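The first sequence begins at 20 in the working numbering and counts up by one.
Ideal placement from N, C-alpha and C gives every residue a C-beta, glycine not left out.
Please read these numbers as outputs of a predicted model, since none were measured by experiment.
Below: the structure, in C-alpha cells.
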Amino acid sequence: MKPFYITTAIDYTNAPPHIGHAYEKVLADVMARFQRLQGRQVYFLTGVDQHGQKVQKSADAAGLSPQAFVDGITAHFTSLWDKLNVRYDGWAATTDPRHKRVVQAMLQKLHNCGQLYKKSYSGHYSVRQEQFLTDKERGPDGNFGEEWGEVVEIEEENWYFKLSDHVEWLQNYIRSHPDFITPAFRTADVLNALDSSGGQDLCISRPAERLSWGIPLPFDERFVNYVWFDALTNYISFAGYLADECGNEGLPRFADLWPADAEIIGKDILVPAHAIYWMTMLHALGFTDEQMPRLIVHGWWNIKGAKMSKSLGNVVDPNSLADQLTPDGLRYYLMRDIATGYDSDFNDERILMSYNKELAGGLGNLLNRSINMAQKYRNGLLVAGDYDDPENAALRQTVTESLSVYSESMNAWAIHDGIAAAWKIVTHANAFVDSTKPFSLAKDPSQAARLDSVLYHLAEAWVHLSVLLDPIIPTAMATARAQLGWEMPSGFVLTDLKWGMLQSGHQINTPIPLFPRLETNAE
RNA sequence: GGCAGGGUAGCUCAGUGGUAGAGCAAGGGACUCAUAAGCCCUGGGUCGGGAGUUCAAUUCUCCCCCCUGCCA
Numbered sequence: 020m021k022p023f024y025i026t027t028a029i030d031y032t033n034a035p036p037h038i039g040h041a042y043e044k045v046l047a048d049v050m051a052r053f054q055r056l057q058g059r060q061v062y063f064l065t066g067v068d069q070h071g072q073k074v075q076k077s078a079d080a081a082g083l084s085p086q087a088f089v090d091g092i093t094a095h096f097t098s099l100w101d102k103l104n105v106r107y108d109g110w111a112a113t114t115d116p117r118h119k120r121v122v123q124a125m126l127q128k129l130h131n132c133g134q135l136y137k138k139s140y141s142g143h144y145s146v147r148q149e150q151f152l153t154d155k156e157r158g159p160d161g162n163f164g165e166e167w168g169e170v171v172e173i174e175e176e177n178w179y180f181k182l183s184d185h186v187e188w189l190q191n192y193i194r195s196h197p198d199f200i201t202p203a204f205r206t207a208d209v210l211n212a213l214d215s216s217g218g219q220d221l222c223i224s225r226p227a228e229r230l231s232w233g234i235p236l237p238f239d240e241r242f243v244n245y246v247w248f249d250a251l252t253n254y255i256s257f258a259g260y261l262a263d264e265c266g267n268e269g270l271p272r273f274a275d276l277w278p279a280d281a282e283i284i285g286k287d288i289l290v291p292a293h294a295i296y297w298m299t300m301l302h303a304l305g306f307t308d309e310q311m312p313r314l315i316v317h318g319w320w321n322i323k324g325a326k327m328s329k330s331l332g333n334v335v336d337p338n339s340l341a342d343q344l345t346p347d348g349l350r351y352y353l354m355r356d357i358a359t360g361y362d363s364d365f366n367d368e369r370i371l372m373s374y375n376k377e378l379a380g381g382l383g384n385l386l387n388r389s390i391n392m393a394q395k396y397r398n399g400l401l402v403a404g405d406y407d408d409p410e411n412a413a414l415r416q417t418v419t420e421s422l423s424v425y426s427e428s429m430n431a432w433a434i435h436d437g438i439a440a441a442w443k444i445v446t447h448a449n450a451f452v453d454s455t456k457p458f459s460l461a462k463d464p465s466q467a468a469r470l471d472s473v474l475y476h477l478a479e480a481w482v483h484l485s486v487l488l489d490p491i492i493p494t495a496m497a498t499a500r501a502q503l504g505w506e507m508p509s510g511f512v513l514t515d516l517k518w519g520m521l522q523s524g525h526q527i528n529t530p531i532p533l534f535p536r537l538e539t540n541a542e
C-alpha cells in the first residue's frame with residue numbers, strides 16, 4: 020500500500036501563528052500519528068507560503084529584505100511546531116529553489132500546450148495600496164474610500180490560465196466522486212461557485228515592476244507568478260513532481276506518494292483556491308481522475324462567539340497556551356472540543372476546566388491512583404492470576420468496545436469521537452476502583468487474588484489508553500508508559516493491542532502526576 | 001436575493017421514525033487508593049414556529065422565523 024500522504028495548507032509568513040494555524044497542524048499530526056499506529060507508512064508535508072505583495076510590503080516597512088523578513092516569521096512557525104510536537108517529514112517553503120524550479124517547469128509545460136495566454140485588463144488601481152480595486156471596494160456612495168489614496172485607471176497586461184477549459188470536467192469529477200471533499204456538505208459550495216463563475220479564466224501573473232518578490236515566468240521575464248501556481252504547487256513540488264527534469268534532490272519519489280490522501284485546509288480556502296484552481300491546474304497538467312487529491316476541510320475556532328481577528332484584539336496565542344497547559348494539554352483541547360469540519364467556540368475558561376476535569380482529574384488521576392495502589396499493596400508487582408468475576412469482565416468489554424469505536428472514528432476523521440471512545444475506558448476504570456474497592460480488599464488477606472486481578476485490570480486498561488491516546492497526546496502517553504514500565508515494541512500497530520499486554524510478574528514504576536492540576540483565576 | 005451551516009437541558013454540543021442524551025455548571029449523599037481527585041443520586045428541555053406524511057416525528061416533506069458564513 021502506498022504511503023499515506025498528508026499535507027496542510029502552507030501558512031502565509033506575514034504574521035506569526037495563531038490558534039487556527041496550530042489547530043490545523045495538530046489535526047494533521049494526530050492523523051499522521053494515527054495512520055502510523057495503524058501500521059501505514061506516512062509522509063506528512065507542511066510549510067510556509069513566503070512570496071507575495073503583503074510580504075514584500077511588510078518587509079519594506081520593517082526595513083528588511085523580503086527573505087530576511089520571511090525567515091524571521093518562518094522561525095515562529097517552526098518553533099511552534101517543535102513545541103507542539105508536530106512532527107512533519109517534509110517542509111514546504113516556497114522560496115526553496117527546488118520549488119521554484121518545479122513551478123517554472125510547470126508553467127513552461129502549460130505554456131507549451133497552449134493553456135496560458137496574455138490579455139490586457141483595465142481597471143481602477145490604488146497607487147498607495149498597489150492593487151487593483153473592484154466594485155467590492157467601493158463605499159456606499161459608489162466611490163473608493165480615503166484608505167485607497169489616489170485611484171487611477173490603468174491598463175495592464177497579464178498572463179491567464181485557461182481554467183474555463185476544465186470546468187466541465189471538474190463538475191463531472193465532483194459529481195462522480197463523493198469522497199473528494201470531507202465533510203460532504205461543503206461540496207455544494209463548490210458546484211455553486213462553478214455554476215455562477217465557471218467561465219472565468221485565472222490571472223496568474225503580476226508585472227515584475229509591481230511585484231518583484233515571486234517566481235518569474237520562465238517564458239516572459241517581465242512577469243512574476245502570482246499566488247496560485249506558486250502556493251498550491253507545493254503539494255506536488257515537495258512530493259518530488261518533475262524532480263528528475265528539474266534536477267531536484269532529497270525529495271520523495273512522486274510516483275510513490277501521489278495522490279495526496281488528505282490535503283487539510285480551512286473552509287476559507289476551499290472555494291475557489293483548492294476545489295477549483297488547484298483541481299483544474301492538475302487536470303491541465305494531465306493528472307487523471309485517479310490522481311486527484313482528497314480534501315479535508317476543517318472549520319474555525321471562534322473566540323467566545325466572535326470571529327478571531329487582529330482588529331478585535333482577540334487573537335489567541337498558541338505559544339502561551341502551550342506554556343500554561345503543556346503542549347499536550349493544548350493538543351488535547353484542540354482535538355476534543357471541535358467536531359472536524361465544523362466551527363467551534365474557543366473559551367479560555369472552558370479550556371482550563373477541561374484540563375483540570377478531564378486530563379488532571381480523570382485521565383491523570385486514574386493513572387496515579389492505579390499505580391499508587393499497586394505500589395502500596397504489592398510493591399509494584401502485578402500478578403495476572405486466575406481470579407475473574409463479572410466486574411472484571413465488564414471492564415475488559417469496555418476496553419474492547421472502545422478500541423473498535425476509536426478505530427472507526429479516527430479513520431473517519433472524527434477525532435473527538437475517538438477521544439470520547441477512549442474516555443469510556445477512563446470513566447469505567449474510575450468507577451471500577453470505587454466498586455471493587457482495592458483499598459478494602461488490601462485489608463483482607465482472603466481477598467488477595469481478587470486484589471491482584473483488580474490491580475492488573477487497572478494497569479492493563481491504562482496500557483490500552485496509552486496506545487489509543489498516543490496520537491493525540493504523545494508526550495504524556497510516553498510518560499505514562501514509563502510509569503507503567505511498559506514500552507510499545509518497535510513496529511507495534513493498533514491491531515497488536517489486545518488484553519494481556521502485561522505479563523504476570525510485571526514490575527510497575529513510581530507514580531508521578533501526569534497532568535498536574537492548574538489553579539484557576541476564579542479561586 | 002441565492003447557496004451552505006446552525007437553531008436540542010443554565011453553557012458547549014451529540015443523536016435517533018417509536019414517548020430525549022453526554023460533558024461542564026447546580027443541589028444532595030456515601031467513600032478514601034489518588035492530583036480536595038474519583039464514585040453514586042437529583043433537578044431541569046412542549047428537541048426554533050406551523051402544516052403534512054405515518055400507527056408513531058425532535059428525526060422524513062413543505063412553508064415560515066432567527067443566527068453565522070460565502071456569493072451576488
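(request) Quick one: using the 10 Å Cβ neighbour count with 16 as the cut-off for buried, is Y62 buried or exposed? (result) buried
(request) Over the uninterrupted beta strand (DSSP E) stretch that includes A441, give me the two end residues. (result) Per DSSP, A441 belongs to no beta strand (DSSP E); it is in the alpha helix (DSSP H), I434 to T455.
(request) Count the C-beta pairs between the region 454 to 474 and the region 491 to 501 that are closer than 8 Å, then say yes if the count reaches three, no if not. (result) no
(message) Can you tell me where the alpha helix (DSSP H) holding T113 begins and where it ends?
(response) It is not in any alpha helix (DSSP H) - T113 carries neither H nor E in the DSSP assignment.
(message) Judging by CA-CA distance, which residue of Q526, H70, R388 and L487 is the nearest neighbour of I234?
(response) H70
(message) Bridge partners for F163 per DSSP, in chain order?
(response) BP columns for F163 point to R157.
(request) Report the residue ranges of all alpha helix (DSSP H) runs contained in full by the region 476 to 519; include only those spanning at least 4 residues, in chain order. (result) Runs of the alpha helix (DSSP H) inside the region 476 to 519: 493 to 503.
(request) Given a cut-off of 7 Å, decide if V45 and R350 are closer than it, judged by their beta-carbon atoms. (result) yes
(message) If you reduce the DSSP assignment to three classes, tell me which class I315 lands in.
(response) strand
(request) Could you say which of F534, P116 and A495 lies nearest to E268 if we only look at CA atoms? (result) P116
(request) Check each candidate in I283, D154 and H293 and name the one with the smallest Cα separation from V561. (result) Given that the chain is displayed from residue 20 to residue 542, the structure contains no residue 561 and the question cannot be resolved.
(request) Please look up how many angstroms separate the CB atoms of L414 and W481, rounded, as I've assumed it's under 8 Å. (result) With a Cβ gap of about 11 Å, L414 and W481 do not count as contacting.
(request) Return yes when the Cβ of R157 is within less than 7 Å of the Cβ of F151, no when it is not. (result) no
(request) Identify, in the order they occur along the chain, each residue of the same chain with its Cβ nearer than 8 Å to the Cβ of D287, setting aside the five sequence neighbours on each side. (result) W319
(message) DSSP has L152 in a bridge; who is on the other side?
(response) H143
(message) How far does the beta strand (DSSP E) with L64 in it extend, from its first residue to its last?
(response) V61 to D68
(message) For S523 and L378, what's the separation of their Cα atoms in angstroms?
(response) 29 Å
(request) Please state if the CB of A111 and the CB of L64 are separated by a distance shorter than 7 Å. (result) Cβ atoms of L64 and A111: closer than 7 Å.
(message) Within a Cβ cutoff of 7 Å, which residues of the same chain sit near E542, ignoring the five residues on either side of it in sequence?
(response) Unreliable placement is indicated for E542, whose pLDDT of 32 sits below 50; the coordinate value is still reported in the next sentence. Taken in chain order, the list of residues that qualify is empty.
(message) Just to confirm my understanding: we take T26, look at its own chain, exclude 5 residues before and 5 after, and list those with CB closer than 6 Å. What are they?
(response) L64, Y254, A279 and E282
(request) Out of A34, V246, V402 and S339, point me to the one whose CA is closest to I527's CA. (result) V402
(request) Using beta-carbon positions only, say whether A467 and L521 come within less than 7 Å of one another. (result) Against a cut-off of 7 Å, the Cβ pair of L521 and A467 comes out as no contact.
(message) Assuming contact is defined by CB atoms lying nearer than 7 Å, are P237 and Q123 in contact in what I supplied?
(response) Note that the C-beta distance between P237 and Q123 is below 7 Å.
(request) In the DSSP assignment, find the alpha helix (DSSP H) that holds N179 and state where it starts and stops. (result) This sequence places Tyr at residue 179; Asn is not what is there. First-last for Y179: V170 to F180, but that is the beta strand (DSSP E), not the alpha helix (DSSP H).
(request) Go through the region 180 to 232 residue by residue and report every complete run of the alpha helix (DSSP H) that reaches 4 residues or more, in order. (result) For the region 180 to 232, whole alpha helix (DSSP H) runs of length 4 or above, ordered along the chain, are 186 to 195 and 206 to 216.
(request) Please report the Cβ distance between H483 and I444, rounded to the nearest whole angstrom; I am assuming they are in contact, meaning their Cβ atoms lie under 8 Å. (result) 6 Å
(message) By the three-class DSSP mapping on this structure, what secondary structure does E542 have?
(response) For E542, the predicted model reports a pLDDT of 32, less than 50, meaning its position is unreliable and no value from the coordinates is stated.
(request) Note down, one range per segment and in chain order, each alpha helix (DSSP H) of at least 4 residues found wholly within the region 349 to 402. (result) 367 to 373 and 384 to 397
(message) Which residues does DSSP list as the beta-bridge partners of Y24?
(response) Note: Y24 sits in a beta bridge opposite Y62.
(message) Quick check on G109: buried or exposed, where buried means 16 or more other Cβ atoms within 10 Å of its Cβ?
(response) By the neighbour-count rule (16 or more Cβ atoms within 10 Å), G109 is buried.
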